[in-house]
């Protein structure tokens, strides 16, 4: 495990983390923000009550963990194409499918599932591309 960490390009992990964070801002803002709010019954008032420094800070930390995990998964010999495919497969094959199971058991909205799973697929695909390219 020590050799796996020795070969990590930490700058690429940081950039991939930030990319995921930025995709989330666009995804849950202008692209699907209103649909997401409707799907989960959120109001502007409810969302304003959150501690945004806590939400953003922990989101960035979790994005870093996801990027680091993906970096360890794809390895140092990956290229951009491999990274994109691996990121997509991680997003679709693991995250979206497991979210789907949770949404089925929790009887949640299919529209909400598509929004959240779509974000995970796009974010991980982009992360994988960045990690593979470096």
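Numbering (our numbering), first residue to last: 761 to 894.
We treat Cβ as the ideally placed atom computed from N, Cα and C, and that holds for glycine.
Classify residue i: buried if its beta carbon has 16 or more other beta carbons within 10 angstroms, exposed otherwise.
| i | result |
| --- | --- |
| residue 815 | exposed |
| residue 866 | exposed |
| residue 804 | exposed |
| residue 856 | buried |
| residue 821 | exposed |
| residue 850 | buried |
| residue 870 | exposed |
| residue 792 | buried |
| residue 900 | As displayed, the chain neither begins before 761 nor continues past 894, which places residue 900 out of reach and without an answer. |
| residue 764 | exposed |
Do you know offhand how far residue i's Cα is from residue j's?
| i | j | result |
| --- | --- | --- |
| residue 798 | residue 771 | 37 Å |
| residue 868 | residue 801 | 11 Å |
| residue 875 | residue 859 | 11 Å |
| residue 861 | residue 878 | 15 Å |
| residue 769 | residue 847 | 17 Å |
| residue 854 | residue 813 | 29 Å |
| residue 809 | residue 837 | 45 Å |
| residue 885 | residue 794 | 24 Å |
| residue 831 | residue 767 | 10 Å |
| residue 789 | residue 894 | 29 Å |
Spatial neighbours of residue i within its chain, please: C-beta separation below 7 Å, excluding the five flanking residues on both sides.
| i | result |
| --- | --- |
| residue 834 | 842, 843, 846, 888, 891, 892 |
Spatial neighbours of residue i within its chain, please: C-beta separation below 8 Å, excluding the five flanking residues on both sides.
| i | result |
| --- | --- |
| residue 901 | Since the first residue of the chain shown is 761 and the last is 894, residue 901 is not available in this structure. |
Open item on the list: Measuring CB atoms only, is the stretch 812 to 827 touching the stretch 768 to 787, in the sense that at least three cross pairs come out at less than 8 Å?
Closed with: yes
- [ ] Assess, as a yes-or-no matter, whether the stretch 777 to 796 is touched by the stretch 840 to 859 under the definition of 3 or more beta carbon pairs within less than 8 Å.
- [x] no
- [ ] Output the residue ranges of the alpha helix (DSSP H) runs that lie fully inside the stretch 794 to 853 and measure 4 residues or longer, sorted by chain position.
- [x] Segments of the alpha helix (DSSP H) lying fully in the stretch 794 to 853: 804 to 808, 812 to 834, 840 to 849.
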